[in-house]
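Participant:
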Amino acid sequence: MLGIMGGSGWSKIDWLDNEEKRMVQTPFGKPSAPLQFARYSDSAAVGNPQEAICFLGRHGESHTIAPHTVNYRANVHAMWEAGVDAIIAINAVGACSAAFSSGSLVLPDQIIDYTYGREHTFFDTLEDFSSHVDFTEPFDVALRQRLLACASAVDIPLHDGGTYGCTQGPRFESAAEIRKIARDGCDVVGMTLMPEAALCRERRIPVACICMVVNPAAGVADGVISIADIEQAMATASTNVADILKHHLVSPA
Ligand code: HPA
Numbered sequence: 029m030l031g032i033m034g035g036s037g038w039s040k041i042d043w044l045d046n047e048e049k050r051m052v053q054t055p056f057g058k059p060s061a062p063l064q065f066a067r068y069s070d071s072a073a074v075g076n077p078q079e080a081i082c083f084l085g086r087h088g089e090s091h092t093i094a095p096h097t098v099n100y101r102a103n104v105h106a107m108w109e110a111g112v113d114a115i116i117a118i119n120a121v122g123a124c125s126a127a128f129s130s131g132s133l134v135l136p137d138q139i140i141d142y143t144y145g146r147e148h149t150f151f152d153t154l155e156d157f158s159s160h161v162d163f164t165e166p167f168d169v170a171l172r173q174r175l176l177a178c179a180s181a182v183d184i185p186l187h188d189g190g191t192y193g194c195t196q197g198p199r200f201e202s203a204a205e206i207r208k209i210a211r212d213g214c215d216v217v218g219m220t221l222m223p224e225a226a227l228c229r230e231r232r233i234p235v236a237c238i239c240m241v242v243n244p245a246a247g248v249a250d251g252v253i254s255i256a257d258i259e260q261a262m263a264t265a266s267t268n269v270a271d272i273l274k275h276h277l278v279s280p281a
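Position in the sequence shown (from 1) plus 28 gives the number in the numbering used here.
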C-alpha cells in the first residue's frame, strides 16, 4: 500500500474515494491525524486495480501542527504498522536560488538536516549496530524514477535532483542563513522532511519527496516573504502534484 504524507496545502485530499478513517495509537503517541485509507477511482482507467492509499497530513486535519511539533515518530510508525510499503512525501519549500521559480516542482536526491530538539530516531539504545542505518541515499531510486516518468507522462516539469535543507522553523530563515545554507549546497529549504525521511529509513520504508517551491527563500528575491504569494504558488503546484499522483495511481508500475 502506498503512503502519502501530505504537508502544507495537503492536509486533506478531496479527489480520493474514502474508505475508512482510523485514528491509531502508537508507542510514540498519536499521529497528526486519523489515517485515511482510500482509493482513487478514475473513470478513464477502467479495470484498473485501484491501488489502496494510506494518506496522512503531517500538520493535522486543520493544518494546526507546527513543523517542530509534528510527532514524526508516531506518523511514520502508524503508517508502517498500517502496512505502507512506500511513502511519497509532499513538502512546501523555499528556493535557495533564482533557479527554481515559485510554483515549480523539485524531486530532491539529498538532504541536509539543520533541525534540533526533534525526536529523530526509533533507536534510543544501542542494542546492536542496526541503529546505525545507512542514509547515503536518503531517497528510493526506483520510486524517484517512477515519479519522474509519471510527471513526464502528464507533461509536468519535475526537476530531477537537488538538496533539501531542513530548518527548524516555524519562522523563515534570515537572508544570511539562506546564504550559508546555499553555500552548503542546498537548493531548496523546508521545515518538515527531517526527521521524517530518516525515520522511514529506520523502518525500511522507501521514500521519495515532491517539493513544491512556494517562495524564493529569504534574500533570494527583493523584499520579504509574502504569505499571499506562497498561497498562490501552492495552489498552482498542488494541482500539478495531484496530476502526477493521479497518474501514478492509475498507471501500472
Ligand atoms: N523556508 C523554510 N521552509 C519553507 C520555506 C522557506 O522559505 N517556504 C516554505 N517552507
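Ideal Cβ positions, reconstructed from N, Cα and C, are used throughout, including at glycine. Computed from a predicted structure; not experimentally measured.
1. The ligand HPA heavy atoms versus the CB of residue 245: any closer than 8 Å?
2. I'd like the list of long-range same chain contacts for residue 253, defined as Cβ closer than 7 Å, with 5 residues on each side in sequence excluded.
3. Flag this pair as yes or no: are the beta carbons of residue 56 and residue 86 separated by less than 9 Å?
4. Kindly examine the ligand ATP and report whether one of its heavy atoms sits closer than 8 Å to the Cβ of residue 126.
5. Between the C-alpha atoms of residue 235 and residue 166, what's the straight-line distance to the nearest angstrom?
6. Please confirm whether any heavy atom of the ligand HPA lies closer than 8 Å to the CB of residue 249.
7. Quick one: does the C-beta of residue 120 sit closer than 8 Å to a heavy atom of the ligand HPA?
8. Give the single residue among 106, 148, 258 and 233 whose Cα lies nearest to the Cα of residue 54.
9. In three-state DSSP terms, what is residue 40?
10. Could you tell me which of 187, 216 and 228 sits nearest to residue 112, measuring between CA atoms?
11. With respect to 8 Å, is the separation between the Cβ of residue 85 and the closest non-hydrogen atom of the ligand HPA below this value?
12. To which residues of the same chain is residue 237 closer than 8 Å at the C-beta, ignoring the five residues directly before and after it?
13. Compare the Cα-Cα distances from residue 34 to each of 104, 171 and 45 and report the closest residue.
14. Quick one: give me the first and last residue of the alpha helix (DSSP H) that residue 173 is part of.
15. Under 8 Å from any heavy atom of the ligand HPA, does the C-beta of residue 195 make it?
16. Taking 8 Å as the threshold, find out whether the region 202-211 comes into contact with the region 87-95 through three or more Cβ pairs.
17. Quick one: is residue 267 buried, meaning 16 or more other Cβ sit within 10 Å of its Cβ, or exposed?
18. Would you tell me roughly how many angstroms separate the C-alpha atoms of residue 223 and residue 146, rounded to the nearest one?
Facilitator: Result, derived from the coordinates:
1. Yes, since a heavy atom of the ligand HPA falls inside the 8 Å radius drawn around the Cβ of residue 245.
2. 200, 243 and 246
3. No, these two residues do not count as a Cβ contact at 9 Å.
4. In the structure shown, the ligand ATP is absent; the only ligands present are the ligand HPA.
5. 8 Å
6. no
7. True, at least one ligand heavy atom lies under 8 Å from that Cβ.
8. The candidate whose alpha carbon is nearest that of residue 54 is 106.
9. coil
10. 228
11. no
12. 116, 117, 118, 119, 135, 136, 167, 192, 221 and 225
13. For residue 34, the closest of 104, 171 and 45 by C-alpha to C-alpha distance is 104.
14. Where residue 173 is concerned, the enclosing alpha helix (DSSP H) starts and stops at 169-181.
15. yes
16. no
17. exposed
18. 7 Å
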